[in-house]
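Asker:
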Amino acid sequence: MAVVARDLTRIYQIGSVQVTGVDGIDLSISNGQLVVLKGDSGSGKSTLLSLLAGLDRLTTGSLTVAGQDMNRCNEAELTDFRRSTVGMIFQSFNLLPTLSVLENVCLPAMLAGRPLAAVQPRARELLDWLGMNNRLAHQPRQLSGGEMQRTAIARALINDPALLLADEPTGNLDSGNAQKVIALLSELNRQFKRTVVVATHSDLADSYATMTLQLQDGRVVA
């Protein structure tokens with residue numbers, strides 16, 4: 080299984096107030112699924128993705144991602160997990176502005192300890208597949224929104240992750256580029272057998288989903 084959660088709960092303490100991000104979620108995602116998380120702002124989508132990515136820690140319950148018990152990981156193990164097991168795609172792209180497209184894509188692999196010379200061929204291959212081979216030396220400010228998101232997808236794939244997580248990946252794109260990004264995520268799922276979890280307000284991914292989860296107030300309601 081790619082993900083197994085039992086009574087998964089995340090509570091944040093904000094001053095004297097407790098805020099529940101996710102509330103007692105039970106969830107099983109098998110390998111090779113394309114899961115679409117739907118729900119309004121504040122429903123718990125981003126909190127759930129952060130837990131799956133090892134960016135946040137659960138409060139109670141249990142969570143296993145790609146065979147890793149997330150409750151037992153120390154900080155070093157979580158760092159390694161984020162570098163090797165999951166790939167993240169964000170609404171805001173999160174590209175480093177002073178690096179080129181090629182350098183942005185290579186960076187996660189280099190942070191994982193791989194030399195640049197060993198990483199570049201795979202980065203070029205991914206960027207060529209994504210139609211970015213004529214943008215390798217460009218910096219993010221020279222790219223369109225769609226090109227920035229394709230660069231972010233290549234970066235998320237550079238370490239060959241078992242799980243690809245996308246948080247509102249079309250939120251800053253026009254409708255044409257949004258459709259292209261969703262089609263790419265679907266191709267990664269179907270052709271390359273990647274497990275993909277997409278949190279989105281959009282309906283664009285609905286027809287590609289093998290599993291749809293509706294969140295409301297931190298709970299799975301459908």
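Under the numbering used here, the first residue of the sequence shown is numbered 80, with each subsequent residue one higher.
We put the beta carbon where it would ideally sit given N, CA and C, even for glycine.
Could you give the DSSP three-state label for Met189: helix, strand or coil?
Answerer: Three-state DSSP puts Met189 in a helix.
Asker: In chain order, what residues of the same chain have a beta carbon less than 8 Å from the beta carbon of Met290, not counting five sequence neighbours either side?
Answerer: Within the same chain, Met290 has close Cβ partners Ile108, Gln112, Leu113, Val114, Val115.
Asker: Taking DSSP as the reference, what is the three-state secondary structure of Thr230?
Answerer: If DSSP states are grouped into helix, strand and coil, Thr230 belongs with the helices.
Asker: Within a Cβ cutoff of 7 Å, which residues of the same chain sit near Arg214, ignoring the five residues on either side of it in sequence?
Answerer: Correct list, in chain order: Val180, Leu222, Glu226.
Asker: Could you have a look at Asp207 and say whether DSSP puts it in helix, strand or coil?
Answerer: Correct three-state label for Asp207: helix.
Asker: Can you tell me the Cα-Cα spacing of Ala155 and Gly133, whole angstroms?
Answerer: Using only the alpha carbons, I get a separation of about 11 Å.
Asker: Val144 and Leu267 look like a contact to me (Cβ under 8 Å); what is the Cβ gap, rounded to whole Å?
Answerer: With a Cβ gap of about 18 Å, Val144 and Leu267 do not count as contacting.
Asker: Leu283: which of Ile261, Arg269, Val275 sits nearest, CA to CA?
Answerer: Taking only the C-alpha atoms, the option nearest Leu283 is Ile261.
Asker: What distance in whole Å lies between the Cβ atoms of Leu137 and Leu87, which are believed to be in contact at a cut-off of 8 Å?
Answerer: Confirmed, Cβ separation roughly 6 Å.
Asker: By DSSP, does Phe160 sit in helix, in strand, or in coil?
Answerer: Phe160: helix per DSSP, three-state reduction.
Asker: Flag Arg269 as yes if its beta-carbon sits less than 8 Å from any beta-carbon of chain C, otherwise no.
Answerer: The displayed structure is made up of one protein chain only, and chain C is not part of it.
Asker: Return the CA-CA distance between Val101 and Ala196, expressed in angstroms with no decimal places.
Answerer: If I take the Cα positions, the gap works out to 42 Å.
Asker: On the DSSP bridge assignment, give the partners of Met167 in chain order.
Answerer: Looking at the DSSP assignment, Met167 forms a beta bridge with Leu244.
Asker: Is Pro187 near Arg220, with beta carbons less than 8 Å apart?
Answerer: No, the Cβ-Cβ distance between Pro187 and Arg220 is not below 8 Å.
Asker: Only counting the same chain, and skipping five residues up and downstream in sequence, which positions put a Cβ closer than 6 Å to that of Met149?
Answerer: Around Met149: Leu142.
Asker: Kindly identify the DSSP beta-bridge partner or partners of Gln293.
Answerer: DSSP output for Gln293 lists Lys117 as bridge partner(s).
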